[in-house]
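Everything below concerns the one structure shown next.
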């Protein structure tokens, strides 16, 4: 290898500097993961070469025996990880080893607290990859050449991980990448053959290409029975099983192996919550290994977030993040799919409209939903942990996946008036089991927050009658309920709409009292409609209230307040929304207003009453100054 030429020094991206500092100071309790990450990257490089060589066999350069090699130099205090995979060009080195090409990284780093224990858990959701080398090394050198490039197009990258890196041109005879770690004095325990062998056995046994380590030559020696044991030459020997884990029989694979393989495909630090390993034969033949993570990735809500499964065809790696096999509402699922039916030259475009890929998508979706159903049934605590992380993603399901709408609905969880807690742990099946005799609908209310939902005036009659109501306070909930209108033949009904009718649950005595209350304030509805004019669709009496004098409710087919806010937040034009104004004839304030003869004073009271109801429903007013002016005027009148 010739002397490095044309060296250049570059500064790391700001986020890389933060990541390096975080790793060095926060991952002290799990240092050995550096080897897992680097071996994993080397195996990926081999997979990528195998795929590219399908259309260009020359990339193998007469060496198709793909592997990863580990070696130590105790005198120099170094560890070297080398592969004969796809390699990198100069531009790729700068892009891959100088920046973090992940959307939302700035937002992620803004969440860091400086508490090393908490931050180390956060970083598991981010993934560290190559930069994990600096957990144990104070200097890292990378030599690489892209497959198919001239030997003079090698690249050397070097850094102490302190803010900058140097890059230079070199000659490199063989393709692939060689990473040399100059191990810190206090981490020299890793510069040991047996230590590295044990780490590979722990974390990388499942990798489908061999991880090789040098076995030193031995001299001839006497055996225990006096026979001569011949000398053995030195050789590279595999220290992992080198068999793709998903191709093995489930009965042969331990939970620990499944968990470590998850960390390999996801670059997560934490164990998964659950997994499903299936081999399907018949019309379509494939193997799937699907995982539910325990923590959401840091960028799951970023629009540019990449999701999907690793795709293999006949055990040949084809692509990462094949989103065609997993619906968007299950974008948190990690794992892989190995198909025997897809062509080796398949592209993302072909997958989009391919009948085989549609069948695979249906099969994988079914497996994940079954996995979640089992978890919900057998381990409520674990399912609650899942829901806390991924519940809002699952709520996208009823709109996206009509065929599985009922299954998804059964997996949803809500807060409810039954539990005095904001924890979402009530299923629709729980609700149905507690329904009152004569009740035929599942009732819910949406609001900006749990407290707003819990204290909504719409709940008053439901509390009085002991009818459970689901309390929905996430931004997505209104959109969810616009697509989830029925579950197990029970209609879901918003209590903030004008068509809520509980009269079937009233006894004769209650109905008579209501009629008498309406007679007592007869004529007030017409006066209110005149005073409020086109602010309202109409005015009517309601018996849904017990403590509040009035409420505004959306039209049966009109836009609700929460849907209006959802559209505004998305930057979409919102049509003018008008409400029905319903007043409680049994409330003392309504009775008092009905007695006012001065129409100007009556109009002021009508507007204050309407604005109060609007404030409770919307959380804000279109013209708060008018409300304050009317209220102050009325207060002055009362004080005289």
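Numbering (the working numbering), first residue to last: 4 to 643.
Every residue gets a Cβ at the ideal spot worked out from N, C-alpha and C, and that includes glycine.
Residues that DSSP places opposite residue i in a beta bridge
i           : result
residue 159 : 146, 171
residue 494 : 444, 489
residue 185 : 81, 142
residue 179 : 148
residue 3   : Here the chain has residues from 4 to 643 only, and residue 3 is not among them.
residue 429 : 417
residue 219 : BP columns for residue 219 are empty, so no partner.
residue 224 : 232
residue 14  : 167
residue 134 : Answer is none; residue 134 lacks a bridge partner.
residue 72  : 85, 215
residue 304 : According to DSSP, residue 304 bridges with nothing at all.
residue 500 : 557
residue 473 : 419, 447
residue 8   : 172
Start-to-end residues for the alpha helix (DSSP H) that takes in residue i
i           : result
residue 488 : Unbroken run through residue 488: none, as it is neither H nor E.
residue 42  : 36-55
residue 345 : First-last for residue 345: undefined, no H or E at that position.
residue 453 : 453-457
residue 197 : 196-206
residue 100 : 93-101
residue 368 : 358-381
residue 289 : Per DSSP, residue 289 belongs to no alpha helix (DSSP H); it is in the beta strand (DSSP E), 289-295.
residue 516 : 511-523
Cβ pair residue i, residue j closer than 8 angstroms
i           : j           : result
residue 611 : residue 630 : yes
residue 258 : residue 290 : no
residue 299 : residue 393 : yes
residue 367 : residue 322 : no
residue 558 : residue 501 : yes
residue 293 : residue 371 : yes
residue 172 : residue 406 : no
residue 378 : residue 277 : yes
residue 460 : residue 524 : no
residue 414 : residue 376 : yes
residue 15  : residue 132 : no
residue 531 : residue 545 : no
residue 453 : residue 474 : yes
residue 374 : residue 279 : yes
residue 332 : residue 400 : yes
Exposure of residue i, with buried meaning 16 or more beta-carbon neighbours within 10 Å
i           : result
residue 633 : buried
residue 443 : exposed
residue 189 : exposed
residue 4   : Because residue 4 sits at a pLDDT of 45, beneath the cut-off of 50, its placement in the model cannot be relied upon, and the point is left open.
residue 487 : buried
residue 195 : exposed
residue 423 : exposed
residue 564 : buried
residue 477 : buried
residue 232 : exposed
residue 157 : buried
residue 235 : exposed
residue 19  : buried
residue 359 : buried
residue 143 : buried
residue 22  : buried
Bounding residues of the beta strand (DSSP E) (the contiguous stretch that carries residue i)
i           : result
residue 338 : 337-342
residue 320 : 319-325
residue 577 : No beta strand (DSSP E) contains residue 577, which DSSP labels as neither H nor E.
residue 310 : Where residue 310 is concerned, there is no enclosing beta strand (DSSP E), given that its DSSP letter is neither H nor E.
residue 282 : 277-283
residue 608 : Residue 608 -> not in any beta strand (DSSP E); alpha helix (DSSP H) instead, spanning 602-621.
residue 241 : 238-241
Cβ of residue i within 8 angstroms of any chain D Cβ
i           : result
residue 323 : Given the protein chain composition of this structure (a single chain), no chain D is represented.
beta-carbon residue i near the ligand NAP non-hydrogen atom, thresh 7 angstroms
i           : result
residue 281 : Among the components modelled here there is no ligand, and therefore nothing to report on the ligand NAP.
Any 3 or more C-beta pairs closer than 8 angstroms across the stretch 280-287 and the stretch 304-323: no
Stretch-stretch touch, CB-based, cutoff 8 angstroms, three pairs: the stretch 73-82 with the stretch 208-220: yes
Contact the stretch 386-405 vs the stretch 347-358: 3+ CB pairs below 8 angstroms: no
contact_flag[the stretch 81-94, the stretch 159-178] where n(CB pairs < 8 angstroms) is 3 or more: yes
Touch test, the stretch 427-435 against the stretch 513-533, Cβ-Cβ under 8 angstroms, three pairs minimum: no
Contact the stretch 178-189 vs the stretch 147-156: 3+ CB pairs below 8 angstroms: yes
Three or more C-beta pairs below 8 angstroms linking the stretch 586-600 and the stretch 465-483: no
Touch test, the stretch 241-260 against the stretch 79-88, Cβ-Cβ under 8 angstroms, three pairs minimum: no
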